[in-house]
Amino acid sequence: AHCALLASSIFFWISMACIVPLFYSKIGTDSAVPSSAMLYFLVIASACVWLELWVVVHTRHGLSFFQGMCKHIHNAYNGDRSGLMAMLAILFSLLGRYDTFSDDVFT
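So in our numbering, the last spot in the sequence shown is 704, and the numbers never skip.
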């Protein structure tokens, strides 16, 4: 599990480092982000998230977390927000990845 997560992280950072060489001719010509670069990011980020979720589901606590997903949302309405915060961690992970992508494209 640890090796898969490490490989996912290394794959993401190498992929982000390759954005400028791959899309250099398209990035500087227009103020808009090239759709091919956005698609590249979407594929890379999705692959990393799916691999991370695959690792989580194959752990005892991770599987029970996903099986009780609706229960976590219900508990958030009742004041226990720990499960909801864990679900938001996935969203914040994607936000951080998008920040890296936008730094590469706009800088």
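Idealized CB from N, CA, C, for every residue including glycine.
Because the structure is a prediction, the values reported are computed rather than measured.
Three-state secondary structure (DSSP) at residue i?
i, result
"H655", "coil"
"D701", "helix"
"I694", "In the sequence as displayed, the identity of residue 694 is Arg instead of Ile. Helix."
"N675", "coil"
"A686", "helix"
"V593", "Any question about residue 593 goes unanswered here, given that the chain covers just 598 to 704."
"G665", "coil"
Taking Cβ positions, are residue i and residue j nearer each other than 8 Å?
i, j, result
"I579", "V702", "As displayed, the chain neither begins before 598 nor continues past 704, which places residue 579 out of reach and without an answer."
"C645", "F609", "yes"
"I616", "Y637", "yes"
"L648", "S605", "yes"
How many whole angstroms separate the CB atoms of residue i and residue j, which I take to be in contact at a CB cut-off of 8 Å?
i, j, result
"V652", "L602", "6 Å"
"A673", "G680", "7 Å"
Looking only at its own chain, which residues have a Cβ that is under 7 Å from the Cβ of residue i, when we skip the five neighbours before and after it?
i, result
"V654", "L660 and F663"
"T704", "none"
"M613", "T697, F698 and D701"
"V630", "V702"
Identify the continuous alpha helix (DSSP H) that holds residue i and give its terminal residues.
i, result
"A614", "H599 to A614"
Quick check: does the Cβ of residue i come within less than 7 Å of any heavy atom belonging to the ligand COA?
i, result
"D696", "The ligand content of the structure shown is nil, which means the ligand COA is not present either."
Excluding the five sequence neighbours on either side, which residues of its own chain have a C-beta within less than 8 Å of the C-beta of residue i, listed in chain order?
i, result
"S633", "F620 and K623"
"A560", "In the structure as shown, the chain starts at 598 and stops at 704, and residue 560 therefore has no counterpart that could be examined."
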